[in-house]
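Peer 1: Sharing a structure with you now.
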Amino acid sequence: MTLESRVIGADGSVLAVGTGEGTVELRDKGVIKYSAEVHNPLLWDCDNPNLYT
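Our numbering runs 1317 ahead of the 1-based position in the sequence shown.
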């Protein structure tokens, strides 16, 4: 299987995409490792609670 994840900014823009591949048997659990890099992230602090989804 191939897993794709996206990091979405507050304005709805896609900031990063990560993909990984692995095998998971039917009705079983598995681990797929991947990484994605967010360039120039807006960091979180009390005055600017920037959130990503």
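Don't be surprised by glycine CBs; every beta carbon is placed ideally from N, CA and C.
With H, G and I counted as helix, E and B as strand and the rest as coil, what does DSSP make of residue 1329?
Peer 2: If DSSP states are grouped into helix, strand and coil, residue 1329 belongs with coil.
Peer 1: Nearest by alpha-carbon distance to residue 1360: which of 1343, 1344, 1352, 1369 is it?
Peer 2: That would be 1369, whose Cα lies nearest to the Cα of residue 1360.
Peer 1: Determine the closest residue to residue 1337 out of 1344, 1330, 1323, 1329, with distance taken between C-alpha atoms.
Peer 2: When only C-alpha atoms are compared, the closest one is 1323.
Peer 1: Please state whether the Cβ-Cβ distance between residue 1339 and residue 1347 is less than 7 Å.
Peer 2: Cβ atoms of residue 1339 and residue 1347: closer than 7 Å.
Peer 1: Do the CB positions of residue 1332 and residue 1355 come within less than 7 Å of each other?
Peer 2: Yes, the pair counts as a contact, with Cβ atoms nearer than the cut-off.
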